[in-house]
Amino acid sequence: MDIQPETPWDGTPDVSSRIVTAIGRIGGVLRSGVWAFATAEGLNPAQVEILQLLYRRSRGVRLTWLARQLSISSASASDSVASLVSKGLLRKARDSEDARATALFLTDAGAALAGRAGAALGFADDAAAALPEATQLALLTGLFRLIAGLQQTQRFPELRACLSCRFFEPDRYPGQPTPHHCALVDAPLPLKFLRIDCAEHEPADADSERRNWRIFT
Numbered sequence: 001m002d003i004q005p006e007t008p009w010d011g012t013p014d015v016s017s018r019i020v021t022a023i024g025r026i027g028g029v030l031r032s033g034v035w036a037f038a039t040a041e042g043l044n045p046a047q048v049e050i051l052q053l054l055y056r057r058s059r060g061v062r063l064t065w066l067a068r069q070l071s072i073s074s075a076s077a078s079d080s081v082a083s084l085v086s087k088g089l090l091r092k093a094r095d096s097e098d099a100r101a102t103a104l105f106l107t108d109a110g111a112a113l114a115g116r117a118g119a120a121l122g123f124a125d126d127a128a129a130a131l132p133e134a135t136q137l138a139l140l141t142g143l144f145r146l147i148a149g150l151q152q153t154q155r156f157p158e159l160r161a162c163l164s165c166r167f168f169e170p171d172r173y174p175g176q177p178t179p180h181h182c183a184l185v186d187a188p189l190p191l192k193f194l195r196i197d198c199a200e201h202e203p204a205d206a207d208s209e210r211r212n213w214r215i216f217t
């Protein structure tokens with residue numbers, strides 16, 4: 001049997017492995033930025049992430065939802081929430097959908113701090129904005145495809161993304177440059193305007209959401 005000669009690139013990991021490594025490194029840089037901001041504000045990174053998750057959520061969220069989003073126990077989430085409430089950054093109120101349950105809302109101070117947290121990561125936004133427009137769109141499309149694949153593992157947290165929204169109408173204009181439609185604004189929805197997190201998001205039913213994400217698989 002012929003033995004294939006070695007090349008200088010034989011030890012190079014697969015492209016998929018390098019993609020995951022790159023995303024992990026970028027995530028580490030972002031976490032470092034959050035850590036620096038949190039320390040300056042007398043908080044920990046989990047508390048800052050909670051404020052960011054609640055930012056522009058007028059309906060509030062439950063503690064169990066926060067725990068799932070952060071991939072931590074309910075007890076750990078409860079400790080962080082209690083600290084944020086004591087600092088006047090969060091408030092508790094009755095859930096509008098279930099009067100027996102408690103929902104969490106940002107106070108004005110909490111919303112202001114969450115906004116500053118987003119601005120603290122502006123260095124990453126600047127780096128992405130410096131990419132050519134075609135590269136940005138290709139990267140966004142690739143990330144949607146990756147998220148769609150991760151959705152099938154049921155390990156990806158809930159998103160307020162277009163594809164999980166009841167207003168999203170996939171392939172309403174088949175064969176057109178802008179095939180999808182947003183019923184909320186009653187207009188075609190270009191790919192470059194698909195959102196990962198939308199304040200106007202209303203959850204679609206489970207079957208519709210699975211169908212929508214299959215667009216990118």
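Each residue of the sequence shown is one higher than the one before, counting from 1 in full-length UniProt numbering. Note that beta-carbon positions come from the ideal geometry of N, C-alpha and C, so glycine has one too.
Own chain partners of residue i with C-beta closer than 6 Å, once the 5 adjacent residues on each side are dropped
{"i": "F144", "result": "F216"}
{"i": "Q47", "result": "S80 and L84"}
{"i": "W213", "result": "A148, Q151 and L163"}
{"i": "G110", "result": "L51, L89 and L90"}
{"i": "D171", "result": "P179"}
{"i": "E209", "result": "S164"}
{"i": "L106", "result": "L54"}
{"i": "A38", "result": "N44, P45 and V48"}
{"i": "V34", "result": "P45 and V48"}
DSSP state of residue i mapped onto helix, strand, coil
{"i": "K92", "result": "strand"}
{"i": "F167", "result": "coil"}
{"i": "A204", "result": "coil"}
{"i": "L191", "result": "helix"}
{"i": "Q152", "result": "coil"}
{"i": "W9", "result": "coil"}
{"i": "I196", "result": "coil"}
Cβ neighbours of residue i in the same chain (closer than 8 Å, five flanking residues each side left out)
{"i": "S17", "result": "none"}
{"i": "V29", "result": "A124"}
{"i": "L137", "result": "L191 and K192"}
{"i": "L60", "result": "The residue asked about is misnamed: residue 60 is Gly in this sequence, not Leu. For G60, where only same-chain residues beyond five positions count, the Cβ hits under 8 Å are L54, A93, D95, S96, A103, L104 and F105."}
Beta-bridge partners of residue i, as assigned by DSSP
{"i": "E158", "result": "In DSSP, E158 forms no bridge with anything."}
{"i": "C182", "result": "F168 and A187"}
Contact set for residue i: own chain, Cβ-Cβ below 7 Å, skip 5 residues either direction
{"i": "T141", "result": "L191"}
{"i": "P174", "result": "none"}
{"i": "S78", "result": "L63"}
Contact the region 66 to 73 vs the region 152 to 163: 3+ CB pairs below 8 Å: yes
Inter-stretch contact (C-beta, 8 Å, three-pair minimum) for the region 183 to 195 and the region 160 to 168: yes
Ordered list of beta strand (DSSP E) runs contained in the UniProt domain "HTH marR-type" (16 to 149), each at least 3 residues: 90 to 95 and 98 to 106
Stretch-stretch touch, CB-based, cutoff 8 Å, three pairs: the region 164 to 182 with the region 202 to 210: yes
The region 41 to 55 touching the region 113 to 122, judged by at least three CB pairs closer than 8 Å: yes
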